[in-house]
Amino acid sequence: MTGIEIIPQPPMPNGSTKTCEAFPPGTSLYPPCERPMRSNRLCDAHNQQSAAGKELRPIRQRRRTMPEFCSGPGAEESAPCGLPTIGKGLCNAHYQQDQRGGVLVPLFTLRISQDEASSLLEAGLKRCPACKDVKPLAEFGRSSAQLSGRSTYCAACQPDYVLMKRFKFSSMEAVRQFRESRDHRCDICKRQWQEGESAFHIDHDGACCPSRGPSCGRCVRGYLCHLCNTQGLSWYELVGRSITTVPVFEEYLRRYEHRRKTLLPDA
């Protein structure tokens with residue numbers, strides 16, 4: 001036997017569905033099968049054995065080889081996540097992080113009950129699971145996909161969620177770290193983003209992934225201000241490069257090509 005065991009089924013309550021009669025009590029060496037009766041007075045599994053011309057035997061179930069609870073990082077240090085697993089020993093959220101690549105990070109730890117969420121909605125409020133602040137509903141975008149009629153994240157956090165999904169960052173915190181590692185400065189002109197102005201852009205290689213739509217995450221080139229992204233670099237790649245050489249643009253593109261060859265030697 002290799003990792004297989006007979007798992008007895010719990011007794012059926014009185015008055016419930018009839019059970020399989022593969023092993024009637026007192027007439028068989030095997031314990032009665034407690035699975036629901038389907039046809040021929042047998043359960044589905046024993047019907048399959050009978051149809052294949054095999055001797056009826058107790059149904060065996062494979063021992064669970066995957067951990068029952070997620071081993072990803074939990075809210076507290078040295079404590080695992082603990083949510084039910086769906087694959088690779090991870091819960092759904094950590095499994096998605098693993099699929100995007102990068103380091104697994106703890107999930108949002110602030111959870112509220114349905115009653116508390118309903119009470120907040122009645123008061124015209126909602127809690128954002130990213131920043132963990134309770135804010136007026138007006139600070140959440142409208143969403144027909146949510147029962148509340150509002151998006152999951154507040155207007156301040158929603159852009160980071162969109163960038164995380166589009167560019168395959170492991171978490172919203174990773175998006176913030178990407179900006180902070182550059183001191184919120186444009187990689188070309190070095191101008192620093194100021195509160196109140198248009199958001200800077202995450203630039204990616206359009207030759208690798210479409211300009212509109214999700215990116216593979218490996219072709220992210222840098223962090224650019226609106227002017228450098230939409231006019232400077234775009235113009236240079238489409239037209240300017242055939243006319244003249246602009247050192248700052250060339251240096252930016254060379255840095256990206258060097259990083260890409262380092263990460264993907266066969267690219």
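Going by the numbering used here, the letters in the sequence shown line up with residues 1 to 267, in that order.
Virtual Cβ for every residue (Gly too), placed ideally from N, Cα, C.
All values reported here derive from a predicted model rather than from experimental measurement.
Start and end of the alpha helix (DSSP H) containing residue i?
i	result
Val175	Met172 to Glu180
Arg166	Gln158 to Phe167
Ser118	Gln114 to Glu122
Ser234	Leu233 to Leu238
Just verifying my parser: in three-state terms, what is the DSSP assignment at residue i?
i	result
Ser144	coil
Pro129	coil
Val248	helix
Met1	Because Met1 sits at a pLDDT of 42, beneath the cut-off of 50, its placement in the model cannot be relied upon, and the point is left open.
Arg254	helix
Pro24	coil
Lys18	coil
Pro13	With a pLDDT of only 49 at Pro13, under the threshold of 50, the placement of this residue in the model should not be trusted, and no figure is reported.
Ile7	With a pLDDT of 46 at Ile7, under the threshold of 50, the modelled position of this residue cannot be trusted, and the question is left open.
Residue i and residue j look like a contact to me (Cβ under 8 Å); what is the Cβ gap, rounded to whole Å?
i	j	result
Cys20	Cys43	4 Å
Cys216	Lys168	7 Å
Gly82	Pro106	With a Cβ gap of about 11 Å, Gly82 and Pro106 do not count as contacting.
Ser170	Gly72	Going by Cβ atoms, the distance from Ser170 to Gly72 rounds to 12 Å, so no, they are not a contact pair.
Cys33	Ala22	5 Å
Ile188	Gly232	7 Å
Ala155	Cys131	Wrong, their Cβ atoms sit about 11 Å apart, outside the cutoff.
Leu104	Gln97	5 Å
Arg57	Gln49	7 Å
Glu191	Arg185	This sequence places Arg at residue 191; Glu is not what is there. The pair is a contact, with the Cβ atoms about 7 Å apart (cut-off 8 Å).
Val246	Gly240	7 Å
Between which two residues does the beta strand (DSSP E) holding residue i run?
i	result
Arg100	It is not in any beta strand (DSSP E) - Arg100 instead sits in the alpha helix (DSSP H) that spans Asn92 to Arg100.
Cys154	Arg150 to Cys154
Lys135	Val134 to Pro136
Any beta-carbon of chain D closer than 8 Å to the one on residue i?
i	result
His94	Reference to chain D is not applicable here, since this structure consists of a single protein chain.
Requested in this report: Would you list, in sequence order, the uninterrupted beta strand (DSSP E) runs of no fewer than 3 residues that lie entirely inside the segment 185–231?
Outcome: 201–204 and 220–224
**Report entry** Minimum length 3: unbroken beta strand (DSSP E) runs contained in the segment 28–94
**Finding:** Runs found: none.
Query raised in the report: Does the count of Cβ pairs from the segment 155–167 and the segment 88–99 closer than 8 Å reach three?
Result: no
**Report entry** Cβ pair count under 8 Å reaching 3, the segment 228–238 against the segment 168–184
**Finding:** no
Query raised in the report: Do the segment 121–128 and the segment 136–146 meet, that is, are 3 or more Cβ pairs less than 8 Å apart?
Result: Contact holds: three or more Cβ-Cβ distances are below 8 Å.
Report task. Please confirm if the segment 184–203 is in contact with the segment 217–226, defined as three or more CB-CB distances below 8 Å between the two stretches. Result -> Touching, yes, given that three or more Cβ pairs across the two stretches are closer than 8 Å.
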